[in-house]
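Written as structure tokens, this is what we have:
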């Protein structure tokens with residue numbers, strides 16, 4: 015009977031360790047995705063600010079709308 019208890023305790027500990035590793039991986043993956051999205055947003059802002067003086071207000075509004083849709087969909 016003692017072997018069954020030891021086996022069960024070992025299985026519970028292994029499950030907790032696996033869950034912790036999975037959470038750590040998911041957190042790292044989410045952080046990476048967030049950093050990537052922020053970098054894309056930063057790159058787009060720099061690009062727009064470089065060309066801002068050359069773009070009319072109407073075209074700029076349309077352009078900004080397209081950028082927002084593109085960034086959100088990534």
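In the working numbering, the protein residues as written are 15 to 88. Glycine is no exception: its CB is placed at the ideal position from the N, C-alpha and C atoms.
Review point. Distance, Cα to Cα, residue 24 vs residue 31?
Key: On the chain shown, position 10 is the one that residue 24 refers to. On the chain shown, position 17 is the one that residue 31 refers to. When rounded, the separation of the alpha-carbon atoms in residue 24 and residue 31 is 11 angstroms.
Review point. Tell me which same chain residues have a C-beta within less than 6 angstroms of the C-beta of residue 41, skipping the five on either side of it?
Key: As a first step, residue 41 is located in the chain shown; it is residue number 27 there, counting from the start. Cβ neighbours of residue 41 beyond the five flanking positions: none.
Exercise for review: Taking only the alpha-carbon atoms, compute the straight-line gap between residue 22 and residue 51 and give it to the nearest angstrom.
Suggested key: Against the chain shown, residue 22 aligns to sequence position 8. Against the chain shown, residue 51 aligns to sequence position 37. Approximately 43 angstroms, taken between the alpha carbons.
Exercise for review: Could you tell me the distance, in whole angstroms, from the CA atom of residue 27 to the CA atom of residue 39?
Suggested key: Taking the first residue of the chain shown as 1, we reach residue 27 at position 13. Taking the first residue of the chain shown as 1, we reach residue 39 at position 25. One Cα belongs to residue 27, the other to residue 39, and the distance between them is close to 18 angstroms.
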